[in-house]
Every structure is written in structure tokens, then in C-alpha cells.
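Read the structure below first, then the notes.
In this note's numbering, the protein residues as written are 49 to 389.
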């Protein structure tokens with residue numbers, strides 16, 4: 049087997065950067081099922097005073113294409129004796145990277161971590177080998193201002209979001225419109241009322257876009273749909289079996305949520321929300337699809353979150369440990385589970 053060394057991208061979040069090497073080892077191992085070569089010796093090593101992710105494999109061109117999309121991949125080298133031979137990375141990047149990096153607001157999830165959770169969810173689904181092909185649909189049922197949806201766009205996928213806060217939906221619409229106009233990309237963006245049983249039940253943001261005029265002319269467009277609605281009450285608002293992946297960041301106890309079923313306002317208790325929302329979400333997920341969630345384990349134990357997914361017929365996917373510290377009050381973990389029927 050050949051030896052490889054991957055240089056990891058720096059993260060603006062220092063706490064996350066300090067844990068990126070360990071998390072990247074787990075992510076690399078998760079790519080194993082889509083690679084033509086086995087992986088061995090996954091570790092870290094210091095080369096020339098710089099830390100690298102190291103491993104052994106016999107990578108074909110398609111394998112490198114998959115690994116190009118690792119959330120922290122910056123450069124890949126084959127180790128030849130004491131030398132490093134650079135290999136070309138070809139990450140999925142339909143649009144300029146500032147689609148992901150420009151939005152700045154309180155509570156925004158780290159972009160590298162968002163990509164990590166999307167990758168792990170896809171790799172845990174029956175659609176893992178379609179990663180490079182585009183055409184998948186990602187649902188974020190707690191989408192905030194669209195970080196996950198924007199990453200889906202970068203991959204060539206469609207996105208569906210649900211967000212209870214109307215101001216977040218309007219802010220996302222404004223950002224997308226401004227960004228698309230500045231990039232001179234042909235698009236449409238409309239925010240329209242949605243009725244259920246004759247009454248207004250939600251607002252719906254519909255965006256169509258394409259990376260070039262030729263793509264748009266050929267009908268090769270991508271779509272983003274965001275519902276300004278309660279994620280626990282989606283009956284009649286979205287048709288079933290529309291999503292291949294569900295990827296979301298549960299409330300950490302300070303932002304996002306849904307209406308409390310007793311009418312007491314918005315609840316941000318992640319387990320309560322998960323218990324009420326998962327049955328609604330699974331109606332929208334195609335068989336073979338997977339659910340990927342991240343959350344604060346200081347307010348919700350992993351075992352309890354896993355129990356809720358299992359009780360709804362999902363099978364958890366085993367990965368190397370991914371739990372990590374975010375700040376003094378948040379310890380974050382990732383859980384992925386597949387829907388088999």
C-alpha cells in the first residue's frame with residue numbers, strides 16, 4: 049500500500065481547530081465504504097514541524113475525488129521516501145466559497161463542522177456512492193439562516209429547510225438574492241404564503257439557481273425551498289419522501305426550536321424537540337436515507353438521543369468518536385442513523 053499525508057485546513061474557530069485532527073481521523077475512516085482501496089494506519093504525524101493526517105491505501109482517481117470533500121482537506125500528498133508528492137484535489141464546489149463564508153451571525157455553526165455532518169450523513173446512507181453525482185436533496189428541518197443548505201448547493205444538491213423564525217428566513221432570502229446578483233447568476237427567489245385547509249399555515253421561500261447561464265438555459269437548475277413553519281407540524285406543507293438526507297443541528301438551549309405542545313411558547317429542549325419532530329421528519333425521508341444530528345451533550349445525553357431514533361425505526365451508524373468541546377457550556381456530538389424502509 050502507498051503512504052499518504054493530508055494537510056488539514058486551518059479553522060477560524062480555535063477550539064475546533066485544536067480537535068480537528070482527531071475528528072478528521074474519524075471522518076476519513078467513514079469514507080472507507082466508498083473507496084476502491086482499503087484504509088490502514090490512520091493516524092497523525094508531524095512532518096517538517098506541521099501536523100498531517102496520515103494513512104495507507106492504494107488510491108485510484110475516483111478515491112481521491114471522494115476524499116477531496118473531507119471537511120478539513122486542504123492538500124493531499126503521497127509519501128515517497130522522505131518526500132511529499134502533491135496530488136490534485138477536486139472538491140465539489142459548484143459556486144464560489146464565499147457562499148459559505150460570507151454569512152456571519154450569532155449562533156452560526158462552524159462551516160467545517162457543517163460539512164462534516166453532511167458528509168457523515170451521506171456516507172451513512174444508501175446513497176453514499178452518489179456523493180459526486182449531484183441530484184440529491186438535503187433537508188435541514190432546523191435550518192436557521194441556511195448554512196447546511198448552502199453546503200448542499202456547493203455539492204450540486206437541492207435543499208429544503210424549515211425554520212420557525214421568520215426573521216431568519218427573510219435574512220436568508222436577502223443574503224441569497226444579494227449574493228446571486230453580485231455573482232450575476234440567473235435565479236428566482238420568491239417568498240409566498242402557504243395555505244392548509246383554507247387557512248394561511250406558513251410562508252415558503254422558493255429559490256432556483258444555476259452555476260452558469262448555459263446550465264440555467266439547459267434546465268440544469270438547483271432548488272432551495274425554505275418553510276417558515278414549526279418543524280413538528282409539517283403535515284400538508286411538504287409532500288412525503290422528498291429528501292435523501294436529513295442534516296440538522298439541534299438547539300443547544302439558546303437558539304432555534306419549535307412551539308411547545310402545551311402552548312407555552314418556543315421550546316429549546318433538544319430531546320423534547322427530537323421526540324416530537326422525528327416522526328414528522330421521517331415522512332419526508334426516502335428509504336435508504338439517513339438522519340444526521342449534532343447537539344449539546346451537556347443538556348441531552350447521547351444514549352437518550354439514540355433511543356429516540358431507534359424507537360422510530362432508524363438504525364444508528366457506528367463511527368469513531370466525534371464528541372468535542374465547543375465552549376464552556378457546550379460539548380457537541382454527532383449521531384447518524386439510516387432509514388431502511
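Each residue gets a CB set at the ideal place from its N, CA and C atoms; glycine is no exception.
Taking DSSP as the reference, what is the three-state secondary structure of residue i?
| i | result |
| --- | --- |
| residue 280 | coil |
| residue 363 | strand |
| residue 384 | strand |
| residue 303 | Only weak support is given to the placement of residue 303: the predicted model assigns it a pLDDT of 45, under 50, and the value that follows is read from those uncertain coordinates. Looking at residue 303 - three-state DSSP - the assignment turns out to be coil, as it is neither helix nor strand. |
| residue 86 | coil |
| residue 208 | strand |
| residue 223 | helix |
| residue 113 | helix |
| residue 94 | strand |
| residue 166 | helix |
| residue 64 | helix |
| residue 286 | coil |
| residue 294 | strand |
| residue 157 | coil |
| residue 174 | coil |
| residue 105 | strand |
| residue 389 | coil |
| residue 215 | helix |
| residue 368 | coil |
| residue 70 | helix |
| residue 78 | helix |
Mind checking who residue i pairs with in its DSSP beta bridge?
| i | result |
| --- | --- |
| residue 247 | 244 |
| residue 125 | 53 and 134 |
| residue 351 | According to DSSP, which records beta bridges pairwise, residue 351 is partnered with nothing at all. |
| residue 373 | 379 |
| residue 235 | 257 |
| residue 252 | 240 and 275 |
| residue 100 | 55 and 93 |
| residue 400 | Nothing can be reported for residue 400: it is not among the residues displayed for the chain, which extend from 49 to 389. |
Smallest Cα separation from residue i: which of the options?
| i | options | result |
| --- | --- | --- |
| residue 340 | 293, 151, 145 and 368 | 293 |
| residue 241 | 247, 251, 233 and 232 | 251 |
| residue 58 | 150, 115 and 161 | 161 |
| residue 48 | 243, 222 and 97 | Nothing about residue 48 can be read from this structure; the chain reaches only from 49 to 389. |
| residue 199 | 359, 295 and 50 | 295 |
| residue 137 | 327, 71, 131 and 55 | 55 |
| residue 287 | 244, 90, 382 and 51 | 244 |
| residue 386 | 378, 365 and 380 | 365 |
| residue 182 | 169, 205, 173 and 81 | 205 |
| residue 284 | 249, 266 and 169 | 249 |
| residue 298 | 343, 95 and 273 | 343 |
| residue 277 | 322, 215 and 319 | 215 |
| residue 321 | 337, 332, 331 and 348 | 348 |
| residue 120 | 88, 75 and 388 | 75 |
| residue 336 | 253, 178 and 235 | 178 |
| residue 267 | 273, 258, 83 and 350 | 258 |
| residue 95 | 72, 111, 130 and 86 | 130 |
| residue 262 | 235, 273, 272 and 281 | 235 |
| residue 318 | 353, 126 and 209 | 353 |
| residue 273 | 65, 350, 218 and 51 | 218 |
| residue 85 | 97, 100, 112 and 92 | 112 |
| residue 195 | 51, 125 and 149 | 149 |
| residue 210 | 69, 88, 275 and 78 | 275 |
| residue 180 | 128, 79, 381 and 193 | 79 |
| residue 110 | 247, 81 and 128 | 81 |
| residue 239 | 228, 220 and 247 | 220 |
| residue 289 | 329, 383 and 101 | 329 |
| residue 264 | 233, 254, 157 and 291 | 233 |
| residue 191 | 170, 247, 102 and 157 | 157 |
| residue 128 | 357, 50, 325 and 65 | 50 |
| residue 325 | 107, 291, 334 and 360 | 360 |
| residue 372 | 356, 363 and 345 | 345 |
| residue 253 | 231, 212, 230 and 247 | 212 |
| residue 255 | 227, 172, 93 and 281 | 227 |
For residue i and residue j, which I take to be in contact (beta-carbon distance under 8 Å), what is that distance rounded to the nearest angstrom?
| i | j | result |
| --- | --- | --- |
| residue 10 | residue 140 | Outside the displayed span of the chain (49 to 389) sits residue 10, for which this structure offers no information. |
| residue 202 | residue 143 | 6 Å |
| residue 369 | residue 279 | Actually they do not touch by this definition, with Cβ atoms about 28 Å apart. |
| residue 175 | residue 187 | The pair is not a contact, with the Cβ atoms about 13 Å apart (cut-off 8 Å). |
| residue 90 | residue 73 | 5 Å |
| residue 300 | residue 378 | 6 Å |
| residue 382 | residue 63 | With 8 Å as the limit, residue 382 and residue 63 do not qualify as a contact, their Cβ atoms being about 16 Å apart. |
Is there a Cβ of chain D sitting closer than 7 Å to that of residue i, yes or no?
| i | result |
| --- | --- |
| residue 186 | No chain D is present in this structure, which holds just one protein chain. |
Taking only heavy atoms of the ligand ZN into account, decide whether any of them is closer than 6 Å to the Cβ of residue i.
| i | result |
| --- | --- |
| residue 263 | The ligand ZN is not part of this structure, which contains no ligands at all. |
Please give the ranges of any beta strand (DSSP E) in the stretch 178 to 202, keeping only runs that are unbroken, at least 3 residues long and fully inside the region.
185 to 188
Give the list of continuous alpha helix (DSSP H) stretches no shorter than 4 residues that lie fully inside the stretch 311 to 348.
318 to 330
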